[in-house]
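In this note's numbering, the protein residues as written are -4 to 215.
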Amino acid sequence: MHFVIMGCGRVGASLARALERAGHDVAIIDQNEAAFRRLGASFEGRRVVGVGFDRDTLRQAGIEDAYAFAAVSSGDNSNILAARVAREKFGVENVVARIYDPGRAEIYQRLGIPTVATVKWTSDQVLRRLLPQGHVPEFTDPSGKIVIAEMPIHDGWVGRRFPDLEEAVGGRVAYVSRLGEGLLPRSDTVYQDGDLVHFALERDRLADAERVLDQAPPAH
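Structure (structure tokens):
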């Protein structure tokens, strides 16, 4: 798959190398050509000098064929603008934006842009928002049997009650991040577009749970 990254700082370079090692095609954008030195001599992806929210620059990076786009520059406004252009103008469904001001998370999530605040930033968190079936366990019990993991969910589940999701995956919803706030769902709470859902379940059920949630639910 083709990935476009805006920002070749420490995180952007790490993300680009990780995606390339996984066998994906990568283009990375930065205004400063010298920033590409962070990629190392072995990086074979496309290096594009320019502004990451400029449409011509994005086209040069192959945005029209991109599976996903990550905006990880040093500016909140630039990141969210670039993410919106990628999603709204070029139809890229999988986008994520890095933010420095966690107070803006609610605004961005209302726009349908998943965000990760700098205070809890790792490239793994970006990967699990970009890649299909890309969970990263956030908690593992001492026995290693039970994990809590955020998992991507197909849009077809929007409007379904959380107990329906729990029954489908054979686990429990530990908590939900909605508009930047934590939520403990009740039996009548429904899954909304933009919710980040964290499941508690047995580790050996993770792969099956992801396959279930990656598809639309069966009709009622």
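Backbone N, C-alpha and C fix where the C-beta goes; we use that ideal spot for every residue, glycine too.
- Glu88: not part of any alpha helix (DSSP H); DSSP gives it neither H nor E.
- Inclusion of Ile23 and Ala66 in the CB contact set at 9 angstroms is not warranted, their separation being larger than that value.
- Looking at the DSSP output, His(-3) shares a beta bridge with Asp20.
- Nearest in C-alpha terms to Val171, of all of Ala163, Tyr186, Glu162, is Tyr186.
- Assignment of Gly40 by DSSP, reduced to helix, strand and coil, places it in the coil class.
- The C-alpha of Gly165 lies about 17 angstroms from the C-alpha of His149.
- In this structure, DSSP gives Val164 a helical state, which the three-state scheme calls helix.
- Thr184 carries a coil assignment under DSSP once its states are collapsed to helix, strand and coil.
- Gly177 sits in a strand when the DSSP states are folded into three classes.
- Between Met(-4) and His19, the C-beta spacing is below 9 angstroms.
- With fewer than 16 other beta carbons inside 10 angstroms of its own, Asp209 counts as exposed.
- Per the DSSP secondary-structure output, Asp25 pairs in a beta bridge with Val44.
- Under the criterion of beta carbons closer than 8 angstroms, His193 and Glu162 do not qualify as touching, at roughly 17 angstroms.
- Check the Cα spacing between Ala61 and each of Ser73, Ala78, Arg16, Asp71: the tightest is with Ala78.
- The C-alpha of Val90 lies about 17 angstroms from the C-alpha of Ser69.
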